[in-house]
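For the protein sequence lines, the chains are A and B, in the order given. Mapping to the working numbering: the first sequence position 69 is 73, numbers consecutive. Mapping to the working numbering: the second sequence position 68 is 88, numbers consecutive. Think of the CB as a built atom: it goes at the ideal place given N, C-alpha and C, for glycine as much as any other residue.
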Amino acid sequence: MYYIDPHIHMLSRTTDDYEALARMDCVAVSEPAFWPGLDRQNSESFYDYFRHLTEFEPARAAKYGIQHYSWLCVNAKEAENLSLSREVLSFLPEFLNRGNVLGIGEIGLNKNTRNEAIVFMEHKELAIRHDQLILIHTPHLADKLRGTRMILDMLCDDQRIRRERVLVDHAEEHTIRPALDAGFWVGMTLYPTTKCTPQRAADLAERYGTDRLMVNSAGDWGPSRPVAVRDFIFEMRRRRHSESTIRRIVYDNPVQFFSQSPAFQAPIATEDGPA
Amino acid sequence: MPALTGPLTAEEVLDREFLEIRAKILEVAAALDRLDRASGSVAADERRRQIDAAIAILHTSDPDRSERVQRQFSLPYLEHWREQFQIDTRRERQA
Ligand SMILES: [Zn+2]
């Protein structure tokens with residue numbers, strides 16, 4: 005079964021991982037801008053990072069027949085630094101018409117602070133002004149519930165936001181319902197210990213259905229499995245869900261959501277093979 | 021959004037999961053023993069209280085145990101965060 009990983013940080017992964025993804029029938033990935041493990045000293049570092057996401061990674065992925073898309077922003081952690089964030093936002097728009105950019109992301113909250121909220125709102129303005137899709141990072145662990153609700157508040161308080169153009173990611177049992185009920189797309193991240201296991205993600209798919217639902221590996225430099233979407237497919241098959249149900253979550257839904265961006269080309273024309 | 025009917029029967033789920041559930045409960049039991057054996061005390065630690073509260077949730081028979089365990093380990097939502105931050109989040113639709 006062909007699938008798309010809608011959230012993975014390939015910059016932090018080796019070329020062997022691209023090969024593993026290709027062997028597992030991953031046909032496209034989308035890579036949001038995120039925190040690299042240390043705070044950057046200046047905005048030029050972001051400039052180079054955006055070049056990396058829009059030039060180097062798509063070329064590296066293409067060698068394995070994988071389409072690479074990206075999302076640009078200042079991540080929620082570094083958004084604590086208002087002046088740095090504003091410098092980056094001043095030049096970010098020049099990257100938006102690079103061929104592989106789907107939108108603004110992953111923006112959100114980290115420790116649910118005032119500065120993070122301000123920078124989130126400024127990203128939201130930029131996305132609206134440039135008619136971009138939005139990919140949302142929701143906070144970790146104890147901060148997730150509060151932060152997700154705050155993010156939903158900021159999105160729902162803005163009448164200009166078209167909710168079908170926003171993906172709320174890293175959802176779990178306590179945050180999935182408000183995001184779906186409000187009309188947003190929802191992503192579940194498959195991690196070994198934090199976030200969702202493949203089993204719990206399958207439980208949530210059974211409870212909430214397949215509409216507007218996706219799964220991703222969020223593979224990065226921490227404990228994560230870049231081919232984790234395959235583990236979800238395996239779990240769903242073990243539960244005897246139909247191939248079309250599974251395919252809806254791991255392929256059709258990302259295609260439907262991403263197709264709202266003119267940068268996206270669906271990677272497969274038919275079930276028989278890549279277009 | 022219509023839920024998917026789980027194609028497995030309860031008996032099949034139990035057949036498949038019994039050993040896994042048993043193993044996970046044993047891991048929790050052993051970790052609590054380990055805590056008790058260790059020197060010092062965490063009796064006043066909020067995390068220790070959270071663990072007991074989460075275990076208590078498992079004794080109930082509501083279908084939302086996992087969601088309630090998640091909430092147990094979560095900071096509460098603050099209704100008045102906008103006022104607290106003095107941020108106006110409302111934006112009108114463009115004309
Ligand atoms: Zn991420």
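Check                                                                                                                                                                    : Outcome
List, in chain order, every chain B residue whose beta-carbon is nearer than 8 Å to that of Leu149 of chain A.                                                           : Gln90, Arg91, Ser94, Leu95, Pro96 and Tyr97
What residues match up with His11 of chain A in a beta bridge as DSSP calls it?                                                                                          : Answer is none; His11 of chain A lacks a bridge partner.
Which bits of chain A does Gly60 of chain B rub up against, with CB to CB less than 9 Å?                                                                                 : What Gly60 of chain B touches in chain A: nothing, since even the nearest Cβ is about 23 Å away.
Can you tell me where the alpha helix (DSSP H) with Asn257 of chain A in it begins and where it stops?                                                                   : Asn257 to Phe262
So which residues on chain B does Met125 of chain A lean against when the C-beta distance must stay under 8 Å?                                                           : Ile107 and Thr109
Please tell me whether Leu139 of chain A and Pro36 of chain A are closer than 7 Å, where the distance is taken between their beta carbons.                               : yes
Leaving out five residues on either side along the sequence, give the residues of the same chain with a beta carbon under 7 Å from the beta carbon of Ile253 of chain A. : Ala209, Thr214, Leu217, Met218 and Val219
State the Cα-Cα distance for the pair Pro258 of chain A and Leu78 of chain B, rounded to the nearest angstrom.                                                           : 35 Å
Is it the case that the CB of Phe38 of chain A approaches a heavy atom of ligand 1 more closely than 6 Å?                                                                : yes
Which of the residues in the region 171 to 199 of chain A, read from start to end, lie with their CB under 7 Å from any CB of chain B?                                   : Glu176, Glu177, His178 and Leu184
Leu59 of chain A and Ala83 of chain A: beta carbons closer than 7 Å?                                                                                                     : As written in the sequence, residue 59 of chain A is Glu, which differs from the Leu given in the question. The answer is no: Cβ separation not under 7 Å.
Starting from Trp101 of chain B and walking both ways along the alpha helix (DSSP H), at which residues does that stretch end?                                           : Trp101 to Phe105
Thinking C-alpha only, which one of A:Gln203, A:Asn104 and A:Phe38 is nearest Pro266 of chain A?                                                                         : A:Asn104
Please state the DSSP three-state secondary structure of Glu87 of chain B.                                                                                               : helix
So, is the C-beta of Arg118 of chain A closer than 7 Å to a C-beta in chain B?                                                                                           : yes
In the DSSP assignment, what residue or residues form a beta bridge with Gly191 of chain A?                                                                              : A:Met218
Around the C-beta of Trp39 of chain A, are 16 or more other C-beta atoms found within 10 angstroms, so that it is buried, or is it exposed?                              : buried
Helix or strand or just coil, what does DSSP make of Glu176 of chain A?                                                                                                  : coil
Which residues bound the alpha helix (DSSP H) around Pro202 of chain A?                                                                                                  : Pro202 to Tyr212
Among B:Gln92, B:Asp35, B:Asp65 and B:Gly26, which one has its Cα closest to the Cα of Leu145 of chain A?                                                                : B:Gln92
Looking only at DSSP bridge pairs, what is Tyr6 of chain A linked to?                                                                                                    : Tyr6 of chain A is not bridged to any residue.
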